[in-house]
Amino acid sequence: MVRAKMGKTYCHYSLCRLFSRVSISFSVMLGLFAICAFPGFAADPNQADGTKSRQNSLTWVGYYDPALNYLSAKALLRFESPMIERRLWLDEGLQLNTVNSGAVAVVDLNRNSGQFLLQGQNTDELEITYNGRLAPAGKPESLSSETIVTNSEIQLDSFRFLSCIKNFYPHTGMDFGSILLNISVPKEWNCLGSGILRSVRLQPELSTYVFDNGGAKGMSLVFGRFSQIGLIDAVIPVRLHGWPLFNYNWYFPKADITRILTFYHERFGPLDVPELNILFRRGRHFAGVSYCGLIVLDVDASWTSFSIHTRKNIRSDSPLAMFDAKIDVLSHEIAHQWWGGLISWKTPVENWITEGLATYSSLISLRAWRGEKEYQRIINRLRRQVKDYADLGAPVDGFQLLLSDRNPKVYQALVYGKPALMLAALADKIGEMELCRRLRIILNDRRKNSVDTADFLRLLSGGDEQLQTLLKKWIYDRGLPKQL
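Each residue of the sequence shown is one higher than the one before, starting from 83 at the first, in our numbering.
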């Protein structure tokens with residue numbers, strides 16, 4: 083919105099809650115999806131001429147105590163161009179202390195809600211300081227103790243997440259931007275972050291980590307008493323982290339991680355980070371979340387006690403079930419390093435783009451590993467699952483499907499499954515290698531950018547208008563087409 087006043091230009095600084103993702107597994111999603119209805123969530127900051135401010139940057143210095151969930155920070159935002167209106171959102175537990183940006187008036191829009199209106203003369207910088215205890219969040223976004231004992235045999239590792247969807251920093255909007263983040267924590271806590279770790283400084287009482295998001299979309303941190311437990315020399319070095327005595331090879335052998343990474347690297351090209359960090363957490367089921375350069379995997383702590391028959395039947399009624407639970411989540415979350423880490427969606431209802439691409443990537447990696455017969459079995463099964471829910475919505479409904487229908491299978495089938503089937507049908511029409519070539523072109527042309535549905539389908543069609551029309555039917559319409 084542009085608002086002009088006599089003789090003055092006013093700035094309205096906007097911080098909207100950001101789904102950078104990259105990817106959020108459904109087990110994580112239930113605690114997060116309600117944010118989609120948050121006022122201002124879908125609004126990108128605009129420049130005075132109505133175009134996007136592309137090269138926004140954030141320099142952030144802070145202290146965080148995971149045990150108390152206490153945060154104190156200073157943030158400096160720089161914008162490529164002055165912006166007419168912005169609204170500032172901070173986590174409701176944080177108190178805005180100072181604002182330095184020319185002549186600025188601060189208005190608390192809704193007392194103690196974290197909503198602030200900052201009005202001032204035209205400027206391209208904003209510096210703020212703030213502190214407080216972050217508002218409690220549900221698992222696995224924030225867990226308060228080191229371990230949670232569920233029974234006499236199984237313990238769940240507990241971490242603190244400061245994710246890109248939680249307003250612990252004033253991000254630069256919903257587009258990609260540069261973030262340099264310097265965070266200090268009590269020495270007994272370790273920290274992993276998305277992007278690139280630039281340095282670690284160990285002091286008697288504190289550890290200070292400096293992260294560069296590498297121009298990705300958002301920034302996420304995870305804290306815990308984990309340690310590095312493995313290293314894989316793959317196409318990109320992989321550092322494995324977790325509980326010191328945790329045997330990750332029981333669940334995710336190095337050979338599987340290496341195979342999947344190598345396959346995606348060959349199909350889609352290199353990543354932009356120098357290494358990939360994978361953090362394992364023992365939990366009640368397999369799930370995951372993927373940020374640029376960082377993957378957190380929940381591991382079913384009871385998996386090794388199950389029979390082979392039981393393992394195959396776990397999640398068998400889910401549209402996302404392919405081979406087995408652990409391989410499914412591993413291949414999907416690694417795929418999000420490309421589809422989410424390198425490009426993302428422009429609005430929340432377009433998250434089908436990254437979820438569909440990650441699901442399709444999992445399908446073709448399984449095809450290369452298990453063969454054509456197993457691939458066709460999975461495709462046929464996925465088609466039956468999607469058909470059951472295809473009349474309840476369309477992929478372009480995105481996150482709204484979670485709000486309108488409490489059955490998670492509807493969301494999974496239409497946002498993950500149906501776009502993957504569209505891509506599989508397109509591969510049948512033009513060939514898998516040609517489709518991967520087009521996807522590499524999209525990655526190169528839109529790297530570190532957000533794409534919308536129309537742009538993505540236009541690029542995917544390769545200039546064939548008739549094909550583009552058919553692709554639109556898959557995404558905009560209800561029902562399930564038989565083919566392209």
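Glycine is no exception: its CB is placed at the ideal position from the N, C-alpha and C atoms.
Since this is a predicted model, take the numbers as computed values, not measurements.
Query: Quick check on S443: does DSSP put it in helix, strand or coil?; Result: helix
Query: Do P252 and D147 have their beta-carbon atoms positioned less than 7 Å apart in this structure?; Result: no
Query: Roughly how many whole angstroms lie between the Cα atoms of L503 and F308?; Result: 38 Å
Query: Which runs of the beta strand (DSSP E) spanning at least 3 residues fall entirely within the stretch 361-385, listed in chain order?; Result: 369-373 and 376-382
Query: Is the separation between the beta-carbon of G370 and that of E415 shorter than 7 Å?; Result: yes
Query: So, P401 versus Q494, is the Cβ gap smaller than 7 Å?; Result: yes
Query: Cutting at 6 Å between CB atoms, please list the residues of its own chain near S447, excluding the five before and the five after it.; Result: I342, F345 and S413
Query: Quick one: what's got a C-beta closer than 8 Å to G297's C-beta in the same chain, skipping five residues either side?; Result: F258, G259, S260, D354 and K530
Query: Hey, how far is the Cα of I247 from the Cα of L566?; Result: 36 Å
Query: Provide the residue span of the beta strand (DSSP E) that contains W427, from first to last.; Result: I425 to W427
Query: Cβ of G499 within 7 Å of Cβ of L539?; Result: no
Query: Hey, P477 and I377: beta-carbon distance below 7 Å or not?; Result: no
Query: Mind checking whether G306 and F293 have CB atoms under 7 Å apart?; Result: no
Query: With a CB to CB cut of under 6 Å and the five nearest residues on each side skipped, what residues in its chain are close to N151?; Result: R215 and L216
Query: May I have the straight-line CA-CA distance separating L284 from C273, to the nearest angstrom?; Result: 12 Å
Query: My guess is that D534 and K455 are in contact by the Cβ rule of under 8 Å, so how many angstroms apart are they, rounded?; Result: At roughly 37 Å, the Cβ-Cβ gap does not stay under 8 Å, so D534 and K455 are not in contact.
Query: Going along the chain, which residues of its own chain have a beta-carbon closer than 8 Å to the beta-carbon of L553, five neighbours each way excluded?; Result: M504, L508, L539, L542, S543 and L566
Query: Which term fits S281, buried or exposed, when burial requires 16 or more other beta carbons within 10 angstroms of its beta carbon?; Result: exposed
Query: Near Y47, which residues of its chain fall below 6 Å by C-beta distance, leaving aside the five closest residues on each side in sequence?; Result: No answer is possible for residue 47: the residues shown for the chain start at 83 and end at 566.
Query: Hey, would you say the C-beta of A476 is under 6 Å away from at least one heavy atom of the ligand ZN?; Result: This structure simply doesn't include the ligand ZN, nor any ligand for that matter.
Query: Return yes when the Cβ of E437 is within less than 7 Å of the Cβ of V497, no when it is not.; Result: yes
Query: If you measure between the beta carbons of E209 and N182, is that distance less than 7 Å?; Result: yes
Query: Please report the distance separating the alpha-carbon of A450 from that of S444.; Result: 10 Å
Query: Is K564 closer than 7 Å to S426 when the C-beta atoms are compared?; Result: no
Query: The alpha helix (DSSP H) with I416 in it runs from where to where?; Result: A407 to A417
Query: Where does L474 sit, in a helix, a strand or coil, going by DSSP?; Result: helix
Query: W569: buried (16+ other C-beta within 10 angstroms of its C-beta) or exposed?; Result: Missing from the structure shown is residue 569; the chain here goes from 83 to 566 and no further.
Query: Taking 7 Å as the limit between beta carbons, can you name the residues of its chain near L521, skipping five residues before and five after?; Result: F350
Query: If we call anything under 7 Å between Cβ atoms a contact, is W142 one with A157?; Result: yes
Query: Would F362 and G324 qualify as a contact pair, given that the criterion is a beta-carbon distance under 7 Å?; Result: yes
Query: Between which two residues does the beta strand (DSSP E) containing K156 stretch?; Result: Y152 to R160
Query: Excluding the 5 residues flanking N295 on each side, which residues of the same chain have their C-beta closer than 6 Å to its C-beta?; Result: I261, G277 and M301
Query: Of all the beta strand (DSSP E) runs that stay within the bounds of the stretch 280-312, which reach a length of 3 or more residues?; Result: 288-294 and 303-306
Query: Please classify Q419 as buried or exposed, where buried requires at least 16 neighbouring CB atoms within 10 angstroms.; Result: buried
Query: Just reading off the alpha helix (DSSP H) that P501 is part of, what are its end residues?; Result: K500 to I512
Query: Which same chain residues, not among the five before or five after K469, have their C-beta less than 6 Å away from its C-beta?; Result: L562
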